[in-house]
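Below is one structure, written out as structure tokens; comments come after it.
Numbering (our numbering), first residue to last: 570 to 812.
The following block contains the structure:
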């Protein structure tokens, strides 16, 4: 039997014992915390959320809170781990420190990509010059195309690697093909907005994980101090609905 299955069987054993009243809430909580510290992932248990809902129905609120927070922490760390490997970050030891570092990196990336969104438009002076025959509008269009192509080259060369763009599903058209791309401006803006939305999504994952970690630590401290007041989980229940 591999370690993953061993942890699953141990958890199920203690879960049943808890539901049937054979062990205390404290024993269950200590056990699941130890299992998680050794590498057990709550999402390896089928219908985990349905199982721990029984804790709420039986008024085992501490077990419910801790189990739900551990589950969400596992889910979001799994998601964050993927882009931790794609984007550079400082090599901190603690998970929460790594996540806070990658959030800083992502926020900087977001500012950079947002700076690429603005494209110079025709102004009244330019239109007047065109109408008077002083300026050929095709020259402006050519200038705009060159500017967009140079921006795309800069994004790929300086700010985002091929690996990062591929991970975000924002594959750039081959630079040689951009020269003759018909609706270049629309493609460019869609490309920029897609990157922006992806980065915002990753930042939100980091924020949620940070909240989970803070509430988990807060809940553990409450248990240590004998405070049995229930944590308001409505925020996390809304998150679960979107998973």
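We put the beta carbon where it would ideally sit given N, CA and C, even for glycine. Source: prediction; values computed, not measured.
Excluding the 5 residues flanking residue i on each side, which residues of the same chain have their C-beta closer than 6 Å to its C-beta?
i           : result
residue 757 : 717
residue 601 : none
Taking 8 Å as the limit between beta carbons, can you name the residues of its chain near residue i, skipping five residues before and five after?
i           : result
residue 620 : 584 and 614
residue 762 : 686
residue 696 : Reliability fails at residue 696, whose pLDDT of 49 lies under 50, so the model's placement of it is uncertain and no value is given.
residue 806 : none
residue 582 : none
residue 651 : 736
Could you tell me which of the options sits nearest to residue i, measuring between CA atoms?
i           : options               : result
residue 729 : 591, 681 and 714      : 681
residue 733 : 720, 625 and 653      : 653
residue 676 : 795, 770, 812 and 793 : 770
residue 607 : 627, 589, 587 and 579 : 579
residue 768 : 737, 811 and 605      : 737
residue 603 : 639, 627 and 629      : 639
residue 590 : 747, 610, 627 and 807 : 627
residue 775 : 749, 720 and 646      : 646
residue 744 : 760, 722, 765 and 731 : 722
residue 772 : 679, 720 and 752      : 679
residue 784 : 598, 586, 688 and 642 : 642
residue 749 : 715, 759 and 811      : 715
residue 809 : 588, 663 and 612      : 612
residue 812 : 683, 581, 719 and 618 : 618
residue 576 : 795, 592 and 610      : 610
residue 593 : 631, 665 and 605      : 631
residue 792 : 751, 684, 572 and 595 : 595
For residue i, does the three-state DSSP call read helix, strand or coil?
i           : result
residue 655 : coil
residue 740 : coil
residue 694 : Because the pLDDT of residue 694 is 46, which lies under 50, any placement of that residue in the model is unreliable, and the number read from its coordinates should be weighed accordingly. Three-state DSSP puts residue 694 in a helix.
residue 616 : coil
residue 757 : helix
residue 729 : coil
residue 699 : Because the pLDDT of residue 699 is 47, which lies under 50, any placement of that residue in the model is unreliable, and the question is left without a value.
residue 609 : coil
residue 704 : Annotation note: pLDDT 47 at residue 704 (below 50); position unreliable, coordinate value reported separately. Looking at residue 704 - three-state DSSP - the assignment turns out to be coil, as it is neither helix nor strand.
residue 637 : helix
residue 709 : Reliability fails at residue 709, whose pLDDT of 49 lies under 50, so the model's placement of it is uncertain and the value that follows must be treated cautiously. Correct three-state label for residue 709: helix.
So the alpha helix (DSSP H) residue i belongs to, where does it begin and stop?
i           : result
residue 593 : Per DSSP, residue 593 belongs to no alpha helix (DSSP H) and is neither H nor E.
residue 804 : 803-811
residue 575 : 572-588
residue 670 : 664-684
Ordered along the chain, which non-local residues of its own chain (more than five positions away) have a Cβ less than 7 Å from that of residue i?
i           : result
residue 725 : 741
residue 802 : 634 and 637
Compute the minimum distance between the beta carbon of residue i and the heavy atoms of the ligand NAP, and state whether it is under 7 Å.
i           : result
residue 746 : For the ligand NAP, the structure offers nothing, since it holds no ligand at all.
For the structure I just gave you, are there three or more beta carbon pairs, one from the stretch 662-672 and one from the stretch 779-788, closer than 8 Å? By the Cβ criterion, the stretch 662-672 is in contact with the stretch 779-788, since at least three pairs of Cβ atoms, one from each stretch, lie closer than 8 Å.
Using 8 Å as the threshold, is the stretch 785-803 in touch with the stretch 618-637, meaning 3 or more CB pairs across them? Between the stretch 785-803 and the stretch 618-637 there are three or more inter-stretch CB-CB distances shorter than 8 Å, so the stretches are counted as touching.
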